[in-house]
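In the numbering used here, the protein residues as written are 809 to 1241.
Single-structure report; data block below.
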């Protein structure tokens, strides 16, 4: 089990530019008091002063709202990470590999750059390979790789009901671009993935912690600290190829304008349209065969039996070959993600060690959240409920909830649920392209 990391809880980023809100334990009073007149809030509650002391029932309601706010801001802060903003863009910083295979010592060199690259693969559940026959922008009109990255991230959020394991190390997926002079067929992708897994495993075994804490042995490796290849990572990959937006009914990718465009929330409407067309993207699920460590082998038979499998339509795929037909399935992106998430759940239920690690991380999340709430409430007792930005909002959320209403717009439309532009008031407006 990985030691629990909870620094930079609200804006989770290595750059000082994004760490102004500070550590979770100390950010108990850093939310700037917003203007009550802002139309972001329901004015019936915003203009109502808080009567103190709060009743015991109201204290519990406020604590519950603070917990929700903690994860909301964690979720939004995660949108600023380099991994999400840049590493899902092929024209940006997505990792590219030209080599047919990686040498076992690819991540073994003792350098900060190598260590950072290595840790991008530790504790990731599934690799997503971008493997084009030609120009990726010929994949289809409207193809945008970073929207796929956000859509996948949103699915991860939904699976955890908006509270994924930010504070540990788990991530659902990692996007990788396979380049080179020649197109890589499925079997070559299998070889590359096995070499990547072996190189990551060797690196985690050999790389020592770059900045050990006072309580940590300076000779401890990342694997000794608990960083490792995720349980599912070797067994299955997702492949994005030229068929990502090719469909028998291409009109499914075209935006459907409402009959009365001027009478709808245009931004909200466009967001729904983005989600709709990204949900139509098709990808390949590929079973690598390296699944002896799983509770049972990966099988795509249920996808074929249920009619969810689409035509594979690749030059390197033989529908007659028993190996290809059992190891490959083309499905919609939603189906692929649900399949992977189902495997994660299955393995946690079937293998006690895997399930215990997940339960431990969940418990640690709750403990850190409760510690933060205790700090916020202690500060609010000193300065007053309405003088602390967090409790000012939480008590009004609680009052609105008693009436079955929402106090802020983002309670109904959370920013982490957006595929397009989003912003959240955190004392200043932060934007995501």
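No residue lacks a Cβ here, since even glycine has one placed at the ideal position from N, Cα and C.
Predicted, not measured: the structure shown is a model, and the values here were computed from it.
Query                                                                                                                           : Result
Length of the line joining the Cα atoms of residue 983 and residue 957                                                          : 8 Å
Nearest-angstrom Cβ-Cβ length linking residue 936 and residue 1094, presumed shorter than 8 Å                                   : With 8 Å as the limit, residue 936 and residue 1094 do not qualify as a contact, their Cβ atoms being about 11 Å apart.
Cut-off 6 Å between Cβ atoms - residues of its own chain near residue 985, not counting five sequence neighbours on either side : 898, 902, 904, 938
Residue 1039 in three-state terms, based on DSSP                                                                                : coil
Residue 1029, DSSP secondary structure in three states                                                                          : strand
Residues of its chain near residue 870, where Cβ-Cβ distance is below 7 Å and the 5 sequence neighbours each way are ignored    : 862, 1199, 1202, 1203, 1206
Continuous alpha helix (DSSP H) stretch holding residue 1165: start and end                                                     : 1160-1191
DSSP three-state assignment for residue 1044, whether helix, strand or coil                                                     : strand
Beta carbon of residue 1090 nearer than 7 Å to that of residue 1118                                                             : yes
Distance between beta carbons of residue 1035 and residue 927, contact taken as under 8 Å                                       : 7 Å
Between the CA atoms of residue 881 and residue 1162 - distance to the nearest angstrom                                         : 28 Å
Reference residue 1032; option with closest CA among 1044, 1013, 1043                                                           : 1013
Beta-carbon spacing of residue 934, residue 1003 below 7 Å                                                                      : no
Run of the alpha helix (DSSP H) containing residue 1197, from where it starts to where it stops                                 : 1197-1210
Residue of 908, 1211, 1195 minimising C-alpha distance to residue 858                                                           : 1195
Separation of residue 931 from residue 1217, as counted between CA atoms                                                        : 34 Å
Classification of residue 1009 by the beta-carbon crowding that lies within 10 angstroms, buried from 16 upward                 : buried
Cβ-based neighbour list, residue 973, same chain, cut-off 6 Å, excluding 5 preceding and 5 following                            : 1169
DSSP-derived helix/strand/coil call for residue 1216                                                                            : strand
Top-ranked residue by Cα proximity to residue 1081, from 1049, 1101, 860, 955                                                   : 955
Those residues which DSSP pairs with residue 1086 across a bridge                                                               : Answer is none; residue 1086 lacks a bridge partner.
Other residues of its chain near residue 1143: CB distance less than 8 Å, five sequence neighbours each side excluded           : 1111, 1116
Buried/exposed call for residue 921, threshold 16 Cβ in 10 Å                                                                    : exposed
Beta-carbon proximity check, residue 971 vs residue 879, cutoff 7 Å                                                             : yes
Residue environment, residue 1211, which counts as buried when at least 16 other CB atoms sit within 10 Å                       : exposed
Where residue 1007 falls: helix, strand or coil (DSSP)                                                                          : helix
Whole-Å CB distance - residue 1215 paired with residue 850, under 8 Å assumed                                                   : 5 Å
C-alpha gap between residue 760 and residue 1167, whole angstroms                                                               : Nothing in the structure corresponds to residue 760, since the chain is present only between 809 and 1241.
Coil, strand or helix - residue 867 by DSSP                                                                                     : helix
Member of 1006, 1043, 908 whose CA lies at the smallest distance from the CA of residue 987                                     : 908
When 911, 1225, 967, 1015 are compared against residue 924, the one with the closest alpha-carbon                               : 1015
Among 1222, 1092, 969, 1101, the one whose alpha carbon lies nearest that of residue 1121                                       : 1092
With 16 other Cβ atoms within 10 Å as the buried cut-off, status of residue 1042                                                : buried
DSSP bridge partner residues for residue 1136 (one or two, in chain order)                                                      : 1094
C-alpha distance - residue 892 paired with residue 860, whole-angstrom precision                                                : 42 Å
Pairwise C-alpha distance: residue 915 and residue 1006                                                                         : 10 Å
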